[in-house]
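Down below is the structure, laid out as structure tokens.
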Ligand code: GLY
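In this note's numbering, the protein residues as written are 9 to 374.
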């Protein structure tokens with residue numbers, strides 16, 4: 009028996025792929041699909057959000073982004089749910105001259121890695137996105153990036169996992185005997201025996217292990233537009249602050265997101281909303297006309313190097329699929345395939361090997 013702790017896009021994706029391989033799986037989650045996956049905007053932007061020194065993450069992100077068309081098509085065929093995958097590219101735009109200087113450097117860095125990326129003037133940005141403010145200085149188009157609707161991904165994965173038992177309880181402890189995972193102790197005191205346990209509990213993974221995973225709070229706003237407001241996921245740099253807007257075909261416009269080190273403080277704050285709306289309005293003055301529908305906050309599972317923690321651990325039978333930080337939705341297809349392979353007795357794919365927990369072990373024990 010395999011127990012997967014956590015039923016967000018990561019846990020559900022692994023459960024689906026593992027059960028396709030004929031493996032017996034049980035999910036443990038007090039409220040499946042209600043954590044960070046439910047709040048996420050769904051940008052698939054490994055190129056648009058590339059950071060210096062994160063070339064390994066880039067390869068992982070591109071690998072997973074490129075799995076999305078087949079992942080989405082397979083889920084649609086199986087469940088009838090269209091997950092809203094779009095591949096219109098990612099636009100990054102600059103509000104002022106300093107923001108543009110930063111984007112020019114980012115464009116050079118992307119080009120130096122052989123990535124498809126185009127430096128655009130302000131006018132070219134507005135031709136792509138006519139609702140942009142006339143003052144926008146320029147931008148970068150990463151044409152291979154895209155987006156997906158995470159709530160639809162959750163709906164599709166939940167339907168795909170319909171035959172898999174779900175224990176609606178919090179996991180209290182991962183049980184280990186003689187260096188081997190034996191199961192999970194539930195909050196009601198009962199034990200769920202297992203020969204393999206997957207920790208996919210997002211921000212709560214740190215409390216169930218000694219992994220350095222912490223919650224990084226994000227507040228996010230949803231608006232509704234009666235007319236097409238934006239064509240593609242657009243990231244804005246406004247006087248050094250970064251934010252993004254993600255449109256959906258049904259008129260939803262998602263504006264995100266704050267990044268706050270507040271522990272598990274899930275309050276929505278006036279300041280968080282103000283910062284997001286202030287920067288959104290600087291780039292797209294028309295946002296103030298749109299209907300407000302929702303504001304939510306959730307917790308990204310952050311790791312010390314902003315990268316996920318994937319695959320086997322020092323405890324036999326205990327696997328990790330956590331620490332995805334800002335990229336859980338992007339990395340869901342790859343994580344699902346990779347973990348299902350390992351659960352079935354295979355190896356982690358080469359692209360995921362730099363991301364095991366061993367990188368956090370003291371040097372002398374590696
Ligand atoms: N993936 C975007 C965010 O975490 O805000």
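Even for Gly, the Cβ is constructed at its ideal location relative to N, Cα and C.
As a beta-bridge residue in DSSP terms, residue 128 pairs with 147. The DSSP assignment places complete alpha helix (DSSP H) segments of no fewer than 4 residues inside the region 13-87 at 17-28, 44-47, 63-73 and 76-87, in order along the chain. Distance from the Cα of residue 21 is smallest, within the candidate group 251, 162, 328 and 198, for 162. Note that the region 47-56 touches the region 249-258; at least 3 beta-carbon pairs, one per stretch, sit closer than 8 Å. When the Cα atoms are used, residue 332 and residue 208 turn out to be separated by approximately 10 Å. Using a cutoff of 7 Å, the CB of residue 210 does not count as near the ligand GLY, since none of the ligand's heavy atoms is closer than that.
At least one heavy atom of the ligand GLY is found less than 7 Å from the C-beta of residue 51. Taking C-beta atoms as the reference points, residue 349 and residue 174 fail to come closer than 8 Å. With a cut-off of 7 Å, the C-beta of residue 334 is classified as near the ligand GLY, since at least one heavy atom of the ligand falls inside that distance. The region 80-94 makes no contact with the region 210-229; the number of CB pairs closer than 8 Å stays below 3. For residue 317, the closest C-alpha among the options 203, 300 and 340 is that of 340. Taken through DSSP and simplified to helix, strand or coil, residue 213 comes out as helix. Contact between the region 146-154 and the region 54-64 is established, with three or more Cβ pairs separated by less than 8 Å. For residue 112, the enclosing alpha helix (DSSP H) starts and ends at 105-120. Going by C-alpha positions, residue 338 is about 16 Å away from residue 41. Between residue 13 and residue 216, the beta carbon gap of about 7 Å places them in contact (Cβ cut-off 8 Å). Taken through DSSP and simplified to helix, strand or coil, residue 236 comes out as coil.
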